[in-house]
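Start counting the sequence shown at 52; every next residue gets the next number (this note's numbering). For glycine and all other residues, C-beta sits at the position ideal for the given N, C-alpha and C.
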Amino acid sequence: MELKGFNTKAVHSGDLKIPQIGNVVTPIFENSTFLYPNDNNDAYLDNTRGLPYVYSRWGNPTVQSLEEKYSSLENCGYGLAFSSGMAAITSTILGTLKKGDNLLAINELYGQTFYFFSKTLKNYGINVDFISVDNLNNLKIDNKNYKAIYIESITNPLLEVPDIIKIAKYCNENNIILIDDATFASPYNQNPLDLGVDIVIHSGTKYISGHSDVLIGLVGTSKNYYKNIVIMRKTLGAVPDAFQSYLTYRGLKTLGLRMEKHNYNGGKISEFLSKSEKITDVYYPGLVNNKYHGIASRNLKAFGGMVSFKLRGGIDNSHKFIKELKIPAYAASLGGVESLITLPVETTHSSLSIEERYKTGITDNLIRLSLGIEDYEDLIDDFKNSLDKL
Ligand SMILES: Cc1ncc(COP(=O)(O)O)c(C=O)c1O
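Okay, structure coming up:
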């Protein structure tokens, strides 16, 4: 019987069940190596080669179980796990592009990705141009024979939303590979390959594992791109270990339930913040007056749990506000069950100059919230209390 529903697949797909043992959940195979040759006719196979397991940098049964669960949720033929989101990004790009290729990327990128694109790739002969999300959405693209376009489903920290359906159509017509970091959306809110993306990437550290206790990356794609990415993973050694993979496999089982609560809290808290006179701007694509609401409604199933906003006053006021909060932890990262709050100027965008920050709208009073799965009434009480003290 084919499993169809997201939660049914999340719980049951990809499990590694060994009849001789009768285990219900995937075991943790902390093995660097496996018998070689393994000429057992019933040997379990490493998907990356279609042959029995040999060495865990090539393939590992626990990692593969995670990859199968992930790919069933992403609606893609091929899933691959990596030691972090950055390992997934670097392996994907290095496995897909070569010297002399041109890459076009949105300019509001995750900081380390921006570093990789603007500094590292140039040293290896891959040219990268940057474009704003708005120009890309309007297809104001120079005809530069781009090999690939790289986007993020929802950008950080201003939550801009690329029109993936439109961009994918353009890429398809122009023979360009579309690569999308969908970390902020998660496979519950968006399946980019269904919208025409060729390769989807996640920092599984965030919503996918969901408990702020794992570093992991995931890639979903088709056979065409998979082949070179899997070789690059093996070459760079960018594999996750079995325990990280097990925690992520376990986290995936509740992704749907968690995302429902993240989405709900995102809606409730963004509405609450929009009503405060102490806040000048709220960035959340779920708000009907948000610039990206229409695009987000077409490209995402729901709007997620990330909300950014600008508080009146300077950075001292922001510190005071954060210090008074009892529930959100003052920490970077996102997507965990616990709410986190951060000032992008101090964390994700601290390397930008003041001019660059103001040009991109990342001002001192910008606050980024990753809403967890707490009860929204408690979160609102907490924010209200803290705003009242300003
Ligand atoms: C959108 C996005 N992509 C990629 C990454 C990198 O992931 P990791 O920290 O798992 O390497 C992050 C990390 O915050 C992120 O927010």
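Where the beta strand (DSSP E) through V251 begins and ends: V251 -> beta strand (DSSP E) spans I250 to S254.
Close beta carbons around P112, own chain, < 7 angstroms, minus the five adjacent residues each side: If you ignore the 5 residues before and after P112, its C-beta comes within less than 7 angstroms of the C-beta of L67, F80, Y95 and Y104, all in its own chain and listed in chain order.
Beta bridge counterpart(s) of G268 as assigned by DSSP: Beta-bridge pairing links G268 to F133 and S254.
Helix, strand or coil at E119 [DSSP, three-state]: In the structure shown, E119 sits in a helix (DSSP, three-state: H, G or I).
Closer than 6 angstroms: Y232 CB and nearest ligand 1 heavy atom: The sequence shown places Asp at residue 232, rather than the Tyr named in the question. Yes, ligand 1 has a heavy atom inside 6 angstroms of this Cβ.
Beta-carbon separation (whole angstroms), A61 vs L306, contact threshold 8 angstroms: About 6 angstroms; that satisfies the 8 angstroms criterion.
Per-residue DSSP class, three states only, for L438: L438 falls in the helix class under three-state DSSP.
Selection from I413, G423 and I405 that minimises the alpha carbon distance to E389: It is G423.
Contact under 7 angstroms by Cβ, L269 with A132: Yes. Within cutoff.
Exposure of I72, with buried meaning 16 or more beta-carbon neighbours within 10 Å: By the 10 Å Cβ count, I72 comes out exposed.
Under the three-state DSSP convention, the category K408 falls into: Here residue 408 is Arg; the residue named in the question, Lys, does not match the sequence. Correct three-state label for R408: helix.
Rounded C-alpha distance that separates G444 from P238: Residue 444 lies beyond the stretch modelled for the chain, which goes from 52 to 441, so this question has no answer here.
Short Cβ contact (7 angstroms threshold) for T77 with S122: No, the Cβ-Cβ distance between T77 and S122 is not below 7 angstroms.
Opposing strand residues paired with I194 [DSSP bridges]: The sequence shown places Asn at residue 194, rather than the Ile named in the question. Under DSSP, N194 takes part in no beta bridge, so it has no partner.
Residues that DSSP places opposite N178 in a beta bridge: Beta-bridge annotation (DSSP): N178 is paired with N153.
As assigned by DSSP and simplified to three states, the class of M357: Strand, per DSSP.
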